[in-house]
Amino acid sequence: VRTAQALSFLSLKAEHDGDLQRAVQLRSESAAIVHQAKWRWWEAHDRASLAALERRRGNLAAAMAQARESAALAETIHDRMMAVFAAAELASAAAVGGQAELAGRLWGAIEAEEEGPPIGQWPAERAAYEEIVRAAAGTAFERGRDEGRLLSLADAANIDKQVR
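In the working numbering, the protein residues as written are 135 to 298.
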């Protein structure tokens, strides 16, 4: 597991240096190790990080797959903050990919979740995600947002809840 932690930190360095391909490779290796070790919490974080990296690389299908995996893991371990971040990554990839209704549905579910108790580090990161997601604003986004406010994060992300 220490190897996975080291790989995650090396991934951050590669990302900081602008080498997104290397960052994805290192983070993927970390995720594979913690998956085998069944350390779901770290894997959920690795998957969310991979989603962000893939979105930045323009690989939206991979970004969405990683975000969904992170959301499923967060749901499995009942990590509310991670579920919000995973939904935000999924909403961001959807918005960038022109899927306004999906982006709105996820953002609406996040807004509904925000009405509960505080969500850890989320307030510090929210504005950055909102800027990305709001690029999809319009009728379809608002329709999805209204729907999303009635859904759980897991239902909005359309994930299954089986342990991976």
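Glycine is no exception: its CB is placed at the ideal position from the N, C-alpha and C atoms.
- Message: So, for residue 191: in the same chain, excluding its five sequence neighbours on each side, which residues have a beta-carbon less than 6 Å away from its beta-carbon?
- Response: As a working mapping, residue 191 is identified with position 57 in the sequence shown. If we look at residue 191 and ignore the five residues flanking it on each side, its Cβ neighbours are 154.
- Which one of 242, 260, 269, 258 has the shortest CA to CA distance from residue 284? Counting from 1 along the sequence shown, the entry for residue 284 is found at position 150. With distances taken between Cα atoms, residue 284 lies closest to 242.
- Task: Report the rounded CA-to-CA distance for residue 277 versus residue 149, giving the unit in angstroms.
- Result: What you label residue 277 is simply residue 143 of the sequence shown in a count that begins at 1. What you label residue 149 is simply residue 15 of the sequence shown in a count that begins at 1. Distance between the alpha carbons of residue 277 and residue 149 is about 35 Å.
- Task: Can you have a look at residue 295 and say buried or exposed, based on whether 16 or more other CB atoms are within 10 angstroms of its CB?
- Result: Here the question's residue 295 lines up with position 161 in the sequence shown. Annotation note: pLDDT 44 at residue 295 (below 50); position unreliable, no value reported.
- Would you call the segment 196-204 and the segment 227-236 in contact, with 3 or more CB pairs under 8 Å? Remark: three or more beta-carbon pairs, one from each stretch, lie closer than 8 Å, so the segment 196-204 and the segment 227-236 are flagged as touching.
- Check whether the Cβ atoms of residue 165 and residue 184 lie closer than 8 Å to each other. Start at 1 with the first residue of the sequence shown, and residue 165 comes out as number 31. Start at 1 with the first residue of the sequence shown, and residue 184 comes out as number 50. Using a Cβ distance threshold of 8 Å, residue 165 and residue 184 count as a contacting pair.
- Classify residue 245 as buried or exposed, calling it buried when 16 or more other Cβ atoms lie within 10 Å of its own Cβ. Position 111 of the sequence shown, counted from the first residue, corresponds to residue 245. Note on residue 245: under 16 other CB atoms within 10 angstroms of its CB, so exposed under the neighbour-count rule.
- Task: With residue 287 as the anchor, note down where its alpha helix (DSSP H) starts and where it stops.
- Result: Taking the first residue of the sequence shown as 1, we reach residue 287 at position 153. DSSP places residue 287 in the uninterrupted alpha helix (DSSP H) bounded by 287-291.
- In chain order, what residues of the same chain have a beta carbon less than 6 Å from the beta carbon of residue 220, not counting five sequence neighbours either side? Locating residue 220 in the sequence shown gives position 86, where the first residue counts as 1. Closer than 6 Å at the Cβ level, and outside the excluded window around residue 220, lie 182, 201, 204, 205, 208.
- Query: Quick one: is residue 268 buried, meaning 16 or more other Cβ sit within 10 Å of its Cβ, or exposed?
  - Reply: For the purposes of this step, residue 268 is taken as the residue at position 134 of the sequence shown. Answer is exposed; the Cβ neighbour count stays below 16.
- Tell me whether residue 173 sits in a helix, a strand or coil according to DSSP, three-state version. As a first step, residue 173 is located in the sequence shown; it is residue number 39 there, counting from the start. Residue state, collapsed to three classes: coil.
- Query: Which first and last residues belong to the alpha helix (DSSP H) in which residue 236 is found?
  - Reply: Here the question's residue 236 lines up with position 102 in the sequence shown. Annotation for residue 236: the continuous alpha helix (DSSP H) segment containing it runs 234-248.
- Message: With distance defined between alpha-carbon atoms, name the residue in 272, 235, 255 nearest to residue 215.
- Response: Start at 1 with the first residue of the sequence shown, and residue 215 comes out as number 81. Looking at the Cα atoms, 255 is the closest of the given residues.
- Which ranges would you report for the alpha helix (DSSP H) in the segment 172-229 if only whole runs of at least 4 residues count? Within the segment 172-229, the complete alpha helix (DSSP H) segments of 4 residues or longer fall at 174-191, 194-211, listed in chain order.
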